[in-house]
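Structure first, commentary second.
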Amino acid sequence: MNWAKVLVVTVVSVLIVLFEWPQINRGRKKEKAALLVFTALGWGLWLLLILFPDLPGPTHFVQNLLRPLGRMLGE
Numbered sequence: 001m002n003w004a005k006v007l008v009v010t011v012v013s014v015l016i017v018l019f020e021w022p023q024i025n026r027g028r029k030k031e032k033a034a035l036l037v038f039t040a041l042g043w044g045l046w047l048l049l050i051l052f053p054d055l056p057g058p059t060h061f062v063q064n065l066l067r068p069l070g071r072m073l074g075e
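Read left to right, the sequence shown gives residues 1 to 75 (our numbering).
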């Protein structure tokens with residue numbers, strides 16, 4: 001079941017790149033690189049969430065980061 005989800009995510013990511021790539025003008029190498037990098041990052045994050053659904057989200061990270069500050073301020 002997970003591999004089907006991974007396949008769907010991969011197909012969607014490839015379709016996004018194939019749709020957006022021709023719309024970027026020639027000579028815009030930075031935009032094309034940014035498209036590839038952000039799509040790869042999104043694909044990787046999506047893959048992590050599919051394979052490890054109990055992974056803590058960004059709010060847990062911020063909460064753990066700011067917890068000592070809250071204690072210092074007398075929460």
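In this text, a Cβ means the ideal position worked out from N, Cα and C, and glycines have one as well.
Here K32 is near W21, since their CB atoms are less than 9 Å apart.
Collapsing the DSSP output to three states places L73 in coil.
Contact check for I16 against T39 passes: the beta carbons are separated by less than 9 Å. Going by C-alpha positions, G74 is about 10 Å away from P68.
For P22, the three-state secondary structure derived from DSSP is helix.
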